[in-house]
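Chains as they are written, first to last, in the numbering used here: chain L, 1 to 334; chain A, 335 to 821.
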């Protein structure tokens, strides 16, 4: 039966379509962690700048792209809802305060820079700066804890969840510093790259400790995956990417550093994907197969939705193309 | 004793033995969602309604390069940018609350609403966010054509975004194209017909009514601000243009809203008789009058409006006539036939405020249209002041209209499929729910105040700049006596 819209009603377009969607959701998560991650990093590094012209430069790098980057969160959430509604509802309902805290942190991170430029008043600008830096620090921390609690089924106050939170904060500083170094003047680049190098070391140490804890306690039944060949490979590749990133940063090869820095979130989410497949919600043992929506619904979102993702990637290429090269001294806003 | 919350929210408002200040989780969740979406929709409507203005001003500014259009482009783009950021940050918590506060809704309806919501993110939200980046920061980095095209894509994104969101909401009013199946031990809606589900009976009505409402609201908003600036700086070419543009848009959209609003109400009677009965305070089934004006006669008739207990100016049988499409004696279902009703007072009075404001807007549109035709709109003190007073009223009508739609659907979150009480989180505690409600109230109030402050500063800066850049034209008519030099 192929009615209506000429889509099969009772069978998936591909037998592996649920797995394709698991991959698509993980892809959106990667984009979010990589792109909004560097926004968070810029926000945290902003807190280390006191000279007004440096702050303006950071805001000019952040301004044109952050909102589009944040939409990857919405893409991730809605794709999760569209393909695996039970995971969406369990994940958020089980982590009520974390989820609400995270979106409120995003509120402060988003409005801080926008409001700052509207008034040349010292106290106002300091309040907006506080919202920006505070929101940019809290958001990755809470998102990381949420993700850690999801993947390791150990509860939000567990060691694995907290380490995941700290890990995402460090990772954000790495990508943020690499992005800024590639986009700004040599002096500022050298200064932020020191933070980036320290954060890379912290991130790698954090990941190793986290996986050590997981391997020892078998949180969420993840020890097997972590110690498997693919699991160990991802960890080794992360160490290599981090190490080469540090080396590029030291030699002021900032474009190369940026590329190797973005390898880190890709590797991180591939590890997350290994841990969540096929048990997509470990704390209740829910699998991809049991959580996925019916064939017609998934076929429809596939045919009408996935091609649009390619278009979206083209927009991003265009956006980053327009704002490529060093940040000019444009002020924030129009 | 009946708690006041129970009067308004029925069983959900039963605070029982909770400590003072704590709310039942379901009530807190509903209040939180209602509050966050009330704030979010103001910014969403601002984006939708401002889109045509932004496109027009961008095109004129780029094409003519004239100073007045550059001013309008720059001013309204700043407003749009602040509104868009506010819309983004207030909107993301909404979709999260589907999971945090109403996991039953996400799970039962996920298959029906997930697709449209994902389309919204991928087709519309990205488009808007990416090209707004270009529009705000890229004037010197892209060609003129790309720049104008960016404004069109941003506007198109805003309208498309509204489309997919309303697909979801319309489905919650008139669900179609699904069947209930058991999955993981729950009865959930399974998609059987995407065309019937997306283009459900409510969809067309709702989209036209909402987009038009957004344009009316923003025409009043732009018109009110333009009226203020014209009132202060009568000679400003830019702001006279903005005022006339707003009046013309209002003249087109305000009457249209009433015309299809009337047909929409008939459609509601057809598809959601309980909501229609609440809108009219109609309790006993039978012939129903249409109450043009309802005046409460006692405090009781405010909190518990019943058509019979109010002083009303009514047309006998007209509600029957409208609902049935021509029969003055037709039966209209009354609220007494239902076991559980929506909070009638909120629905009844919201509906009256919305309709009343709608007629006020038509009057303002006609008056302004006539003055513009006579070329005297900038000189009429009384009209300028009326427009200033009406600046926020479009948003008021929009909000009350949505209260009719959403509160009027209670006790259902999906009409006749899922009750709000079944959708609410069973694991959410009273303390957590009340605490986050309080947080959202404080933070979102702060956002509204911040947005209003920014608007105030922008207007003040605009007035200062106008004194420097805009010289009055040589053939400027004499100001009307008694209204010039007011600052």
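The beta-carbon is built from N, C-alpha and C at its ideal position, and this holds for glycine as well.
- Neighbourhood of residue 33 of chain L in chain A, by CB distance below 7 Å: empty, with the nearest CB roughly 16 Å away.
- Minimum Cα-Cα distance from residue 72 of chain L among the listed residues L:309, L:42, L:327, L:321 corresponds to L:309.
- Taking a 10 Å sphere around the C-beta of residue 514 of chain A, we find fewer than 16 other C-beta atoms and assign the residue as exposed.
- If the five residues before and after residue 128 of chain L are omitted, its C-beta is found closer than 6 Å to the C-beta atoms of 112, 115, 116, all from its own chain and listed in chain order.
- Residues of the stretch 310 to 322 of chain L whose Cβ lies closer than 9 Å to any Cβ of chain A, in chain order: 311, 312, 315, 316, 318, 319, 322.
- When the alpha-carbon of residue 35 of chain L is set against those of L:83, L:193, L:166, L:173, the nearest one is in L:173.
- Secondary structure within the stretch 613 to 643 of chain A: the alpha helix (DSSP H) runs of 4 or more consecutive residues, fully enclosed, are 633 to 637 (chain order).
- Our two residues, residue 521 of chain A and residue 300 of chain L, have alpha carbons roughly 22 Å apart in a direct line.
- For the pair residue 201 of chain L and residue 93 of chain L, the Cα-to-Cα distance works out to about 34 Å.
- Taken atom to atom, the span from the alpha-carbon of residue 291 of chain L to that of residue 86 of chain L is near 6 Å.
- Around the Cβ of residue 78 of chain L, a 10 Å sphere holds 16 or more other Cβ atoms; the residue is buried.
- For the stretch 550 to 573 of chain A, the set of residues with a beta-carbon nearer than 7 Å to any beta-carbon of chain L is empty.
- Given a length threshold of 4 residues, each whole run of the alpha helix (DSSP H) inside the stretch 187 to 263 of chain L is given here in chain order: 223 to 226, 229 to 250.
- Residue 695 of chain A counts as buried, since no fewer than 16 other beta carbons sit within 10 angstroms of its beta carbon.
- Membership of residue 476 of chain A in any beta strand (DSSP E) is not indicated, and neither H nor E is assigned to it by DSSP.
- Annotation: the continuous alpha helix (DSSP H) that includes residue 55 of chain L extends over 52 to 62.
- In the structure shown, the three-state DSSP call for residue 672 of chain A is coil.
- Against chain L, the beta carbon of residue 647 of chain A has no neighbour under 9 Å; the closest one sits roughly 46 Å away.
- In the pairwise beta carbon analysis, the stretch 788 to 797 of chain A is classified as not touching the stretch 372 to 388 of chain A: fewer than three pairs are separated by under 8 Å.
- Taking C-beta atoms under 8 Å as the contact rule, residue 384 of chain A and residue 414 of chain A qualify, at a distance of about 5 Å.
- Close CB contacts of residue 164 of chain L within its chain, under the 7 Å cut and outside five residues either way in sequence, are with 144, 145, 147, 148, 210 (chain order).
- Excluding its 5 nearest sequence neighbours in each direction, residue 13 of chain L has C-beta neighbours in its own chain below 7 Å: 299, 302, listed in chain order.
- One Cα belongs to residue 54 of chain L, the other to residue 539 of chain A, and the distance between them is close to 51 Å.
- Going by beta carbons, residue 270 of chain L and residue 31 of chain L fall outside the 9 Å limit.
- Distance from the Cα of residue 393 of chain A is smallest, within the candidate group A:421, A:364, A:363, A:489, for A:489.
- Every unbroken stretch of the beta strand (DSSP E) spanning 3 or more residues and falling wholly within the stretch 699 to 773 of chain A is given here in chain order: 746 to 748.
- Here the stretch 491 to 509 of chain A makes contact with the stretch 529 to 537 of chain A; the two share three or more CB pairs at distances below 8 Å.
- Annotated as proximal: residue 555 of chain A and residue 725 of chain A, with beta-carbon spacing under 9 Å.
- The residue from L:171, L:285, L:110 with its alpha-carbon nearest to that of residue 37 of chain L is L:171.
- Residue 286 of chain L has L:281 as its beta-bridge partners, per DSSP.
- Chain A has a Cβ within less than 9 Å of the Cβ of residue 70 of chain L.
- Residue range 96 to 116 is occupied by the alpha helix (DSSP H) that includes residue 103 of chain L.
- Proximity of the stretch 38 to 57 of chain L to the stretch 389 to 407 of chain A falls short of the contact definition, fewer than three beta-carbon pairs being nearer than 8 Å.
- Here residue 366 of chain A is buried: its Cβ has 16 or more other Cβ atoms, across all protein chains shown, within 10 Å.
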